[in-house]
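Enquirer: In our numbering, the protein residues as written are 90 to 206.
One structure, pasted below without further comment.
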């Protein structure tokens, strides 16, 4: 998921910002742009190919890949950027704050490890 989806009131280079202070509510989440949707689909497709290649080569071994899908969870967390801190040339809607969205990744990773161990 591209952080450009979280820019509001304009694109990143045209005055847009990502200054939310709470996660999106239910149906409020911003609709991802076509580029975001296409990029995500390409990444998932490529993961599928890699997963199949590992499975084919590792017959009989425990080697495998697991995809930790964070896209939907992060789409709702436009509040998790530190864009409002020290704005100079443009808002930084690329980096995430701690604590917050990254804690969600930690919880997801823990569940993946528990489920797949």
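A virtual CB, placed ideally from N, CA and C, is assigned to each residue, including glycine.
Do the CB positions of residue 110 and residue 168 come within less than 9 Å of each other?
Expert: Contact: yes.
Enquirer: With which residues is residue 97 paired in a DSSP beta bridge?
Expert: Its beta-bridge partners are 106.
Enquirer: Straight-line CA distance for residue 157 to residue 103?
Expert: Distance between the alpha carbons of residue 157 and residue 103: 33 Å.
Enquirer: Tell me where the alpha helix (DSSP H) around residue 196 begins and ends.
Expert: Its alpha helix (DSSP H) spans residues 190–204.
Enquirer: By the 10 Å Cβ neighbour count, where 16 or more other Cβ atoms means buried, how is residue 184 classified, buried or exposed?
Expert: Exposed.
Enquirer: Work out the CA separation of residue 98 and residue 195 for me, nearest whole Å.
Expert: Rounded to the nearest angstrom, the two C-alpha atoms are 31 Å apart.
Enquirer: Is residue 161 closer than 9 Å to residue 113 when the C-beta atoms are compared?
Expert: Result no, Cβ atoms of residue 113 and residue 161 do not sit closer than 9 Å.
Enquirer: Spatial neighbours of residue 197 within its chain, please: C-beta separation below 6 Å, excluding the five flanking residues on both sides.
Expert: Hits under 6 Å: 157.
Enquirer: Helix, strand or coil: which one does DSSP assign to residue 186?
Expert: Here residue 186 sits in coil by DSSP.
Enquirer: Measure from the alpha carbon of residue 105 to the alpha carbon of each residue in 188, 200 and 182, then state which is nearest.
Expert: Considering only alpha carbons, the answer is 182.
Enquirer: Identify which residue in 101, 137, 201 and 150 has its Cα closest to the Cα of residue 60.
Expert: Only positions 90 to 206 of the chain appear in this structure, which leaves residue 60 out of reach.
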